[in-house]
Every structure is written in structure tokens, then in C-alpha cells.
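Notes for the one structure printed next.
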Amino acid sequence: MNRMSRFNVTAIALGFAFLYLPILLLIIYSFNESKLVTVWAGFSTKWYREVWNNQGLMDAAWVTIRVGLLAATVATVLGTLAALALTRFTKFRGRTLFSGMVYAPLVMPDVIIGLSLLLLFVAAGFDRGFWTITMAHITLTMCFVTVVVQSRLLSMDRSIEEAAMDLGATPLKTFLQVTLPVIAPAVVSGWMLAFTLSLDDLVIANFTSGPGATTLPMKIYSQVRLGVTPEINAVSTILVAIVATGVIIASVLTKRREVQRRRDEQAAFAQ
Amino acid sequence: MKSLGSIRRSFAPWNDSSAKPYISFKNVTKRFGDFTAVDDLSLDIYNREFFALLGASGCGKSTLLRMLAGFETPTSGQIILDGQDLSQTPPYRRPVNMMFQSYALFPHMTVEKNIGFGLKQDGMPKDQIAYRVAQMLKLVKLEKFASRKPHQLSGGQRQRVALARSLAKQPKVLLLDEPLGALDKKLREETQFELMDLQQDLGLTFVVVTHDQEEAMTMADRIAVMSAGKVVQVATPAEIYEAPNSRFVADFIGDVNIFDGNVVSSEGGKTQIAVSEDLTIVAEQNGSGPASGAAAFAIRPEKVRIAREAPANPGFNAVKGEIWDIGYLGDMTIYIVKLASGQTVRASRLNASRELENPIGYDEEVWVSFDDNAGVVLKD
């Protein structure tokens, strides 16, 4: 292999530093003994214990996870259906309008989505809280699922669906037994994307939440305004760990499947 | 056991006016927007027939097959199978199965599950499915691969799985869309004969779509040559080759020499066509030739003789030319002869003896000749 030039090494180092140095600092200081965030006073895990005992933070985390699970699941179902409609029925009335509207939240500023949803919930007389945040997150994340699933549907060989119908499967059975298993990886990654987005969201949650329903990002944000505590660092580190684990598992699985598949194919053609 | 030949020779329901067609296309038209894929087409296919739809890509043959399978609905016209109008029947209730060009195997299922898929949809008990799947695996000689996934198979094996899957439900009609298109030449030739045997053994009706004329000629009882959404000719392979009904068919199937001219006389069972100053063609009359006016004479290269010596009656079915090109293929040699009129004639000669000495060479003057009944007269 060629040795990398000094310029390349520097560029890569700076790039990674730019991306990950803040996160690294955060993780390091979450193990800080001192109550002062910027002064290192030795290694300790006490802030993790503190987090565990902080009822407010734990409640917020629990709300966030429930909103995330529910919103991601509903958004995945709706987003997959939208993707199906967009790829399979190419000629229905108002298709362009529909696809434009599905994708709108992708480019719309969060503030505007949040504000418009707030106006809607107020006008409709909903009590703001857990359910309104969930609904807002469904709206926000559905389009991401649609994008992911649609690209898989487009690259899928349509004739396998025809083959299933040809062999006597009704359209519903065809979808459940053939289409869904084939697009499952995309559906799963759509779900993970939706879950992560919901986990991350601060702006829309702020607009649509009510008393008693505070998500973790909201909680962190409000606490940070009173000063960063090592507790926040610890919570954030946990969040980073969860997300990183998810991403690593997903990519390892994909990679391994790809390798296995290539090996199988070679074996098949070597016969 | 009777040989395939003896069964085949006696099989000709299309000549029997009392035989009822099994599949009928009646004035079927299919339009996609402005494009007419199938144009007012009528066609009859008989039970146990091996029928081929042959044509260049875009001629409508695949659309016709897909309408039979139920994936496309005719814009107008009727498709009748075994006395039943299929227009309102969705694909999953039709007694036909299709083998797809891409094989369309379910990538997430094993070979066994793929083959058993159709049976499972019918609600067949598990043990019966297992029995039938085992039977099918044996039929296509894939017993050892039952628990593999499609991506663990070679192209030829995938083709067999697709075939087994489409046969598992014992359909009345099997549709095959370019079944051998993805196989290499040697495998393709083997599989052609296997498909023919299989069709004969199972007593099914096969409708195959292909753009490969050799494939159609080898396998089919009858061929429908299609062009621009219409059937140009439906006949046995031999009739299509020896008695094409139009210039298009003559040109599409195999190699052909076509002489354009005018009918001089048409009497006594012979048609005389003036082609050029030094050539008048005398041909036996046939159904498709005109009695007067412009006409074309089509003759296959293997029916054209070339010789150094002048034939008995020069000027009539014989003309002088010069060797322009020679293609030596081992078993036969193809000569391209340029006539005084500028037209080239292709003649092929079987190398029945080892003519190593004094072969006909480049730039040599030769006589091109043929018999009265060697070609067909066509409308211009």
C-alpha cells in the first residue's frame, strides 16, 4: 500500500478531530470526579449513579424512549405504505402532489413543523403531552422511512411479486410473504433512523409537549441553561453509547451478510 | 415407449377442423398510452401443443404472454382458456403458471420453499407438499440442493428451480418467457431437448416466448412469427422456413436470397418472373405469390447451386456471377456471388467430400442455379 502523504494524514486527523473531539471530551468529563465540568479531578463513575438516582432525568429518558418506540413504529408502517404507493401505483391522480407532500418534512425547518403542529393541536383542542409529541414525531420521521424503503423497492425485481401472484398468492399474501421479507432490511433501517431522529429531536418536542411530558433532550437543554453538570455529560455519554452500538451492530451485520453472500455465490459458480 | 418423433409426427390438431382450440386470443388489442403493443390479434393454441411466439424485441410477444398470465389486461378483445373467458380472472386464480425470464426466485426462501410456494397458497397439507416438492426436485435433478438459497446456485440450477416451481402446481398451461435466454450456448441446447421431453411426458401445453429463432425451430410444434403487435405467420417450423408467407418472415427466419422482378406469365402451375436481362426465374406456383405485377422470389442459400460449368438452360434459373466472398465453416462453405446486375447471392455448400484440391476460389466466374421448386414466390 502507498504511504499516505503528510497532507492526507493531517487532513484526516483534523477532520476526525472536528467531528469527534467534542464528543470525546464529553465522554471523558462524564467520568470526572469533580463537580466542575472543566476541572479534572480523577476518574469516577459517581455521576452515572447520580443519573440513576435523578428521578427527573430518568422520567425524561423513559418518555423519550416510549415516544421513540411508538413514533418509529407507526412512522415505519405509514412510511412503508407511502413508499409502496409511490413505487407501485405510478399513475394515480395527484401522485406528484402526494410525493411532494410526503417529502416536505425532509426539507422543512423543524421550527416551522413544530409551530404549525402546535397551532393545529391548539385549534383541535388536544391536551399537549405524550401523544402530541408522538404524533409530531411520526409526521417528522415518516418521510425518512419512505425514502429508505422506496429506494429498496425501486431496486427490487418486480417479477418476484408477479411470480408469487402467478403461483396463487393474493396481493396481500404476496406482500406479506414475498415483498416484506425482501425489503425487511430497509424497513428495519428506516425504523432505526426514525427512532434516532425522534430521540434527537428538541425543537419539535418543545413546541408540542405539555406539562408532565418532557423528553430527554428537553430536560438536558433546560438543565444546561442553569449550567452544565457532569450528570448531563453522563446522560449524553449513555445516549452516544446507545446510538453508536446500534450503528455498529447494523453495519457489522450488513457487512457480514455481504461477505457471506459473496462467498456463497463464488461457491455456486465454482461447481 | 414411443419415440418423441412418432408422437410428434401425428400431432397436428391445427389441421383438424373438429379440434377445439385450448387457448384463443380473440381480436386482442393492448395499448400502453399511444403505443399499441398488441394489435387486434387472434390466435388459437391447442391442448398439448408446444407453441412458440417468435419476434424481435418490442413486437408484443411478451405482452401477449403477460396478458395470458393476467399481469396485463387487454384493452379490448377476449382471451379464452379451456372454454372460459379469462378477462375478469386475476393472475392468482388462473390455471396457468409462468416461468420468468429473470427466474424471479424468492431470494429469502430455500429451493424447497420456492418450489412449494404455490402449493402452500392452495392450502395443501404439509406432507403432500413435501412429497410433491421431492418429486419436482427429482424431475429437475436438484435433490442435493433442496435446502440452498437461490444465491447459492449457479445460473443453470436457478433455471431448473424456476422450472420446477412453475410446474409444481401442475398447471394446464405453462408459460415460458425467454426460458433459456440467460444460459450459455451448450447448456441452452441441452435444456431445449429436456424441455421438449418434459412437455411430452407431462402432456402439458407450453407457450414459450423467444427471440431466438433456432430455439423456436427446435422446440415448438408451431411458431407464431410476430411483428409490430401482429401475427405475421403461424405454422410449423418447416413451413415457416420452407414456405414463408411474406418477405418479412422469409427474411426473419434464417438466411435468404430475395430476387425482385415482374411476373411475365403465370400458367401451367409455373410462374415466370423477369429479374434482370440475364435472369428469368421459373418457379412452381404457391399460395402466396401474385399472378401478375411485381413479385419477389425467395430462396435459401442451401438450395442454390454453384458450378464452373454452364447449366443446360442458361438464363432460366441460372445466372453467371463472380465469387465475391468465401466463408469456410468446416462442415460447409458459404459463397457470396456477385451477379452482373450488382446483386449478391448467398450459396451454401455442404462439404461432403474433401475438396482440398482445386476448390472454387476468389474472383472465379461461376454459374448460380436452382430448381423450379427450390424457392417461393412472394408478394413484393
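Chain order of the listed sequences is A and B. With my numbering, letter number 2 in the first sequence gets 201, and the count goes up by one each step, no holes. With my numbering, letter number 195 in the second sequence gets 602, and the count goes up by one each step, no holes. Using N, Cα and C, we set each Cβ at its ideal position, and we do this for glycine too.
List, in order along the chain, the chain B residues whose C-beta lies closer than 9 angstroms to that of residue i?
{"i": "A:Val434", "result": "Simply none; closest approach about 40 angstroms."}
{"i": "A:Arg287", "result": "What A:Arg287 touches in chain B: nothing, since even the nearest Cβ is about 13 angstroms away."}
May I have the straight-line CA-CA distance separating residue i from residue j, to the nearest angstrom?
{"i": "A:Pro370", "j": "A:Met364", "result": "7 angstroms"}
{"i": "B:Thr482", "j": "B:Lys576", "result": "29 angstroms"}
{"i": "A:Thr237", "j": "A:Met300", "result": "46 angstroms"}
{"i": "B:Val445", "j": "B:Gly484", "result": "11 angstroms"}
{"i": "B:Val616", "j": "B:Ser494", "result": "21 angstroms"}
{"i": "B:Ile733", "j": "B:Pro708", "result": "13 angstroms"}
{"i": "B:Met408", "j": "B:Asp608", "result": "The predicted position of B:Met408 is uncertain, since its pLDDT is 44 and thus under 50; no value can be drawn from it."}
{"i": "B:Glu456", "j": "B:Asp604", "result": "13 angstroms"}
{"i": "A:Arg205", "j": "A:Ala443", "result": "30 angstroms"}
{"i": "B:Asp366", "j": "A:Gly367", "result": "Beyond the ends of chain B as shown, which are 408 and 787, falls residue 366 of chain B; an answer cannot be given."}
{"i": "A:Asn231", "j": "A:Val344", "result": "39 angstroms"}
{"i": "A:Pro384", "j": "B:Ile452", "result": "44 angstroms"}
{"i": "B:Trp536", "j": "B:Tyr510", "result": "Strictly speaking, residue 536 of chain B in this sequence is Ile, with Trp absent from that position. Straight-line Cα distance between these residues: approximately 21 angstroms."}
{"i": "A:Val458", "j": "B:Asn652", "result": "56 angstroms"}
{"i": "B:Ala754", "j": "B:Leu450", "result": "35 angstroms"}
{"i": "B:Trp774", "j": "B:Val638", "result": "38 angstroms"}
{"i": "B:Asn765", "j": "B:Val784", "result": "36 angstroms"}
{"i": "A:Ala322", "j": "A:Leu396", "result": "26 angstroms"}
{"i": "A:Ile211", "j": "A:Leu218", "result": "11 angstroms"}
{"i": "A:Phe297", "j": "B:Gly467", "result": "33 angstroms"}
{"i": "A:Phe215", "j": "A:Val402", "result": "27 angstroms"}
{"i": "B:Pro428", "j": "B:Leu570", "result": "25 angstroms"}
{"i": "B:Phe478", "j": "B:Thr496", "result": "10 angstroms"}
{"i": "A:Ala466", "j": "B:Gln559", "result": "7 angstroms"}
{"i": "B:Pro578", "j": "B:Tyr538", "result": "17 angstroms"}
Could you tell me which chain A residues have their CB closer than 9 angstroms to the CB of residue i, listed as they occur along the chain?
{"i": "B:Tyr499", "result": "Ala363, Met364, Asp365, Leu366, Gly367, Ala368, Thr369, Pro370, Lys372 and Thr373"}
{"i": "B:Lys528", "result": "The sequence given here has Gln at residue 528 of chain B, not Lys. Chain A residues near B:Gln528: Ala363, Leu366, Gly367, Ala368, Thr369, Lys372 and Gln376."}
{"i": "B:Phe524", "result": "Ala362, Ala363, Leu366, Gly367, Ala368, Gln376 and Val377"}
DSSP puts residue i in a beta bridge; with which residues?
{"i": "A:Thr444", "result": "BP columns for A:Thr444 are empty, so no partner."}
{"i": "B:Met739", "result": "B:Leu757"}
{"i": "B:Ser748", "result": "Answer is none; B:Ser748 lacks a bridge partner."}
{"i": "B:Met505", "result": "B:Leu582"}
{"i": "B:Ile683", "result": "One point to set straight first is that residue 683 of chain B is Ser, not Ile, in the sequence displayed. Paired residue(s): B:Leu686."}
{"i": "B:Thr617", "result": "B:Leu461"}
{"i": "B:Asn774", "result": "The sequence given here places Trp at residue 774 of chain B; Asn does not occur at that position. Bridge partners of B:Trp774: B:Ala714 and B:Lys727."}
{"i": "B:Ala359", "result": "Because chain B in this structure spans residues 408 to 787, residue 359 of chain B falls outside the shown range and cannot be described."}
{"i": "A:Phe242", "result": "A:Asn231"}
{"i": "B:Glu691", "result": "B:Lys677"}
{"i": "B:Leu450", "result": "B:Phe432"}
Would you say residue i and residue j are within 7 angstroms of each other, going by their C-beta atoms?
{"i": "A:Ile359", "j": "B:Phe513", "result": "yes"}
{"i": "A:Leu285", "j": "A:Gln376", "result": "no"}
{"i": "B:Gln620", "j": "B:Phe613", "result": "no"}
{"i": "B:Leu757", "j": "B:Val726", "result": "no"}
{"i": "B:Glu771", "j": "B:Ile730", "result": "yes"}
{"i": "A:Leu314", "j": "A:Ala335", "result": "no"}
{"i": "B:Ala553", "j": "B:Val518", "result": "yes"}
{"i": "B:Ala690", "j": "B:Asp779", "result": "yes"}
{"i": "A:Gly324", "j": "A:Gly409", "result": "no"}
{"i": "B:Ala701", "j": "B:Asn669", "result": "yes"}
{"i": "B:Leu594", "j": "B:Gly636", "result": "no"}
{"i": "B:Asp447", "j": "B:Thr436", "result": "yes"}
Cβ closer than 7 angstroms: which chain B residues qualify as neighbours of residue i?
{"i": "A:Val381", "result": "Pro514 and His515"}
{"i": "A:Asp356", "result": "Ser509 and Ala511"}
{"i": "A:Val377", "result": "Phe513"}
Quick one: does the C-beta of residue i sit closer than 6 angstroms to a heavy atom of the ligand HEM?
{"i": "A:Asp258", "result": "Because no ligand of any kind appears in the structure shown, any question about the ligand HEM cannot be addressed here."}
Quick one: list the residues of chain B neighbouring residue i, beta-carbon separation under 8 angstroms, in chain order.
{"i": "A:Ala466", "result": "Gln559"}
{"i": "A:Asp463", "result": "Lys556, His558 and Gln559"}
{"i": "A:Arg460", "result": "His558"}
Strictly below 7 angstroms CB to CB, what residues from chain A border residue i?
{"i": "B:Gly588", "result": "Within chain A, no residue comes near B:Gly588; the closest Cβ sits about 13 angstroms away, beyond 7 angstroms."}
{"i": "B:Met505", "result": "Asp365"}
From the beta carbon of residue i, is the nearest beta carbon of chain D less than 7 angstroms away?
{"i": "B:Ala476", "result": "The chain labelled as chain D is not found among the protein chains of the depicted structure, namely A and B."}
Against residue i, what residues of chain A qualify as contacts under a CB-to-CB distance less than 8 angstroms, listed in chain order?
{"i": "B:Lys576", "result": "Leu366 and Gly367"}
- Query: Closer than 9 angstroms, Cβ to any Cβ of chain B: which residues of the segment 359-374 of chain A, in chain order?
  - Reply: Of all residues in the segment 359-374 of chain A, Ile359, Glu360, Glu361, Ala362, Ala363, Met364, Asp365, Leu366, Gly367, Ala368, Thr369, Pro370, Lys372 and Thr373 have a Cβ within less than 9 angstroms of some Cβ in chain B.
- Could you please tell me which residues of the segment 547-565 of chain B, in chain order, have their CB closer than 7 angstroms to any CB of chain A? His558, Gln559, Leu560 and Ser561
- Item | Where the segment 256-273 of chain A meets chain B: residues whose CB sits under 8 angstroms from a CB there | Answer in chain order: no residues at all.
- Query: Which residues, in order along the segment 755-783 of chain B, keep a beta-carbon less than 9 angstroms from a beta-carbon of chain A?
  - Reply: Contact residues of the segment 755-783 of chain B toward chain A are absent (C-beta to C-beta distance below 9 angstroms).
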